[in-house]
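Following: one structure in structure tokens, then a few remarks.
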């Protein structure tokens, strides 16, 4: 299999929060010599957010940052949405500071997530 097929299978597991299965798929990928790319890692971040394991999503995200794989707001949006859905506003605030520090430009989608977050915080 190639990275596209593996990413699709990881995405299917991530959408339902089946991250144990996604981890097994990643292990199979690595055994097959297929390297994780930005899309597959972003999907893993999304899966951990869906599952409610925002801390683990941040671990994957930080690994992506160390490997210079975060170029725009898309993964930030995934994490911000995960933080909002799981009432982890402390992590969301840290993420916003990180975006500012790294000069990552927010998208229109980012703004929508922030409105939702600040509404839940009753800060609108």
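Residue numbers (our numbering): 145 to 268. We treat Cβ as the ideally placed atom computed from N, Cα and C, and that holds for glycine.
Residue 167 - containing alpha helix (DSSP H), residue span: Run containing residue 167: 163-175, per the alpha helix (DSSP H) assignment.
Where the alpha helix (DSSP H) through residue 217 begins and ends: Following the DSSP letters along the chain, one finds residue 217 in no alpha helix (DSSP H), marked with neither H nor E.
Close-in-space but distant-in-sequence residues of the same chain around residue 253 (CB under 7 angstroms, 5 per side omitted): Here the set comprises 221.
Length of the line joining the Cα atoms of residue 122 and residue 247: No answer is possible for residue 122: the residues shown for the chain start at 145 and end at 268.
Cβ-based burial, residue 245 [other Cβ within 10 Å; buried from 16]: Exposed is the call here.
Three-state class that DSSP yields for residue 180 in the structure shown: If DSSP states are grouped into helix, strand and coil, residue 180 belongs with coil.
Enclosing alpha helix (DSSP H) for residue 148 [first to last residue]: In the DSSP assignment, residue 148 falls within the alpha helix (DSSP H) that extends over 147-159.
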